Structures are given as structure tokens and as C-alpha cells.
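Here's the structure we're looking at; comments come further down.
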Amino acid sequence: MEKFDVIIIGAGAAGLFCAANAGQKGLKVLILDNGKKAGRKILMFGGGLCNFTNLYIDPNAYISTNPHFCKSALARFTQWDFIELVQKHHIPYHEKTLGQLFCDNSAQDIVDLLLTECKVAGVSLLLQSEITQIKKIDNKFLVYVNEKIISSNALIVASGGLSMPKLGATPFGYRIAEQFGHTIQPTRAALVPFTLHKELLDVLHTLSGIAIPVKISSQNAMTFQENLLFTHRGLSGPAILQISSYWQPGEHISINLFPNINLIDCLIHEQTIHPNLSLKNLLTKYVPKRLIETLQVLKKIPDNSLKQLNMKQALLNKSNF
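For the sequence shown, position 158 matches number 189 in my numbering, and the numbering has no gaps at all.
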């Protein structure tokens with residue numbers, strides 16, 4: 032029977048990083064993964080460029096029933112530590128909006144970084160591994176894999192969540208956690224787009240591909256100011272993906288299409304100097320014309336000139352944006 036100090040299930044970002052650190056401490060480490068390649072999901076991150084960290088990481092930005100975990104983890108290994116590791120491997124990168132750091136070339140650079148760190152640390156990697164059973168006997172973990180038994184002093188489950196089943200995601204990790212007495216929180220999709228009912232899609236389909244900056248808020252007062260993207264199925268883009276983690280079925284969200292101006296002040300000012308200007312033409316200075324025309328079809332914007340528009344109407348319609 033082959034023996035290890037640590038067996039890690041999952042060759043994703045967490046599993047590879049954990050293995051490299053354990054190996055560097057002198058532990059004998061084995062990674063098991065059911066896929067043909069390590070780091071498959073990493074290659075999907077950031078549109079293939081891997082947004083590997085953020086300059087403005089804050090524990091409060093993480094969603095968890097145990098918020099103290101993030102505080103502890105981020106205090107032990109900061110974004111600056113990972114940036115130093117990226118620079119050590121001479122990986123070129125650039126900053127996008129809101130402190131997001133992306134590889135210049137490909138997400139494969141980050142996969143190669145992690146695999147190199149594991150190799151230097153003497154970590155063993157067994158891909159296409161089929162685990163059929165795990166037991167704990169006399170403080171040793173026995174892992175039945177590919178018709179053999181491997182033992183370890185510690186077992187780490189880093190198999191990830193249920194997203195992207197095409198990349199090998201399964202409930203396996205949840206089952207193992209339950210087997211050893213851990214409580215599993217109900218799972219739900221996060222960082223996902225919103226789909227809309229057919230009736231609304233029939234009106235909004237002409238907006239597909241349009242992206243605009245918005246300020247979006249959930250009922251629990253979480254707010255993000257990023258881009259919203261209209262798609263053929265509904266709403267997406269960074270703003271929607273962020274707020275989706277806080278939205279609960281049955282709740283509403285508020286979207287401000289004019290986050291960078293005070294709309295009422297703007298209307299009052301323009302009403303004074305351009306009274307014959309239509310509300311439609313004024314608003315198209317700030318958002319695409321197609322969007323304003325669609326909102327008129329939905330009767331969210333009156334077909335009035337500014338002089339015909341009283342502030343009561345303006346306030347009422349502002350609440351609909």
C-alpha cells in the first residue's frame with residue numbers, strides 16, 4: 032500500500048495551490064483528479080486570460096456563512112503574495128477595471144505556474160483517477176482508487192462545486208464531506224446571468240449585444256456599479272453576475288441606467304435651456320437610442336417634450352429606470 036502525508040482530491044486552482052504549499056513544507060503529497068488535465072476550469076477564467084487576483088481584495092466582498100474564514104485566509108496569503116509569485120514566473124499581466132489583474136497571454140500561464148510549483152515541491156499527480164470508496168481507520172484515510180488502496184494522514188477535498196459539469200464537476204466532494212459529518216449548506220447558482228420571460232424578451236431582443244454602465248441594487252442593499260449586457264436570453268455582464276449572488280427568488284432588483292448623473296437635476300436644467308427638446312432625444316445623450324426606444328414601447332418613458340414634462344412625471348418615470 033502506497034502511503035502519503037496528504038491526499039488532495041481535485042487538481043483545480045485550490046487543489047494545486049494547496050498541494051504546492053504542503054509539498055514545500057516537506058510533506059509527501061498526492062493529487063487525485065477525475066479529468067485528463069489539471070486546471071481545466073482555470074482555463075475558462077476571465078475569458079481565457081484568467082483574472083487571477085484583484086488589487087482591492089476585501090474579506091467583506093466574499094459571501095460565506097462563516098465570514099471569519101475569509102479574513103483568516105486572506106491575512107495569511109494576500110493578493111500581493113500571489114502577484115509576487117506571478118512575477119517570479121515572469122508571467123506578463125495587466126490591470127483592467129476595479130483592480131482586476133489578467134494574464135497578457137493565456138490562462139495556461141497560471142496553470143503552468145501551479146504545476147511547476149507542484150513539481151518543484153515533489154507533488155505526485157494522478158489524473159483520470161476513479162475513487163470508489165474512502166475510509167478512515169485508526170486516524171488514517173484509505174482511498175480506493177483505480178483498483179488500488181492509497182493511505183494518508185490527511186485528506187483534503189478540493190473538488191469544487193457543481194458548476195460546469197462538462198469540465199467534470201460532480202457532487203462527489205459534497206458526498207465525501209457528508210460522509211465525515213460535515214454540514215452541507217443548500218447550493219444554488221451564483222455569478223450567473225438572469226433570464227427573462229418570453230413576453231419581455233420579445234420586446235428586448237433588439238437590444239442584444241448592447242452594454243451600458245449601471246448601478247444595480249438588491250433588496251438586501253448590496254450595490255454594484257459595473258456594466259450590464261443585454262443578451263438574447265436576458266441580462267448579463269459584470270453587474271448582473273455580481274448581484275446574482277445576492278438575489279433570492281421572488282425578490283426584485285433595482286437598476287439605475289443613469290448612474291453617473293442626477294437625472295432630475297439634468298431634466299430641470301435642460302428644460303430651462305431646451306424646452307422643445309424631446310425627452311427621448313435628451314436621454315439618448317446618455318444611453319443608446321435603441322434602449323430609449325424600447326423603453327418607450329414598454330411605456331416607461333412618455334413621448335413628451337421637456338416643456339410638457341412636469342417634475343411629478345419625471346420622478347415617477349425615474350423610478351422605472
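Note that the Cβ used here is the ideal one computed from N, Cα and C, for glycine as well. This one's a predicted model, so the numbers in the text were calculated from it and none came from an experiment.
How far does the beta strand (DSSP E) with residue i in it extend, from its first residue to its last?
i: H125; result: 124-126
i: S285; result: 284-287
i: E324; result: No beta strand (DSSP E) holds E324; the alpha helix (DSSP H) holding it covers 320-328.
i: K331; result: Counting along the chain, K331 falls outside any beta strand (DSSP E), and DSSP gives it neither H nor E.
i: D36; result: 33-40
i: N85; result: 82-85
i: I168; result: 162-168
Looking at residue j and residue i, is the spacing between their C-beta atoms short of 8 Å?
i: V174; j: I168; result: no
i: I271; j: P224; result: yes
i: I332; j: K316; result: no
i: A44; j: V154; result: no
i: L146; j: F48; result: no
i: V60; j: A53; result: yes
For residue i, which of the options has the nearest alpha-carbon?
i: A185; options: E33, H283, I39; result: I39
i: E5; options: G265, W111, S276, G46; result: Absent from the model: residue 5. The displayed extent of the chain is 32 to 352, so no value can be given.
i: G78; options: G204, C134, F100, Q55; result: C134
i: I207; options: Q164, L193, S194, L222; result: Q164
i: G66; options: S190, R107, I88, A152; result: S190
i: L157; options: L337, K179, D64; result: D64
i: N291; options: L116, N258, D89, C149; result: N258
i: H283; options: S249, S276, S275, I62; result: S249
i: V176; options: I122, E161, I304, K166; result: E161
i: K56; options: A152, L329, S276; result: A152
i: N170; options: L314, V37, S309, K330; result: V37
So the alpha helix (DSSP H) residue i belongs to, where does it begin and stop?
i: V142; result: 139-151
i: L105; result: 98-107
Exposed or buried, which one is residue i when buried takes at least 16 other CB atoms within 10 Å?
i: Y93; result: exposed
i: G192; result: exposed
i: I29; result: As displayed, the chain neither begins before 32 nor continues past 352, which places residue 29 out of reach and without an answer.
i: G46; result: buried
i: S183; result: buried
i: L347; result: With a pLDDT of 49 at L347, under the threshold of 50, the modelled position of that residue is not reliable, and the figure given next carries that caveat. Burial call: exposed.
i: D334; result: exposed
i: D112; result: exposed
i: D140; result: buried
i: F100; result: exposed
i: L337; result: buried
Between the region 321-332 and the region 223-235, can you find at least three pairs of beta-carbon atoms closer than 8 Å? They touch, by the three-pair rule.
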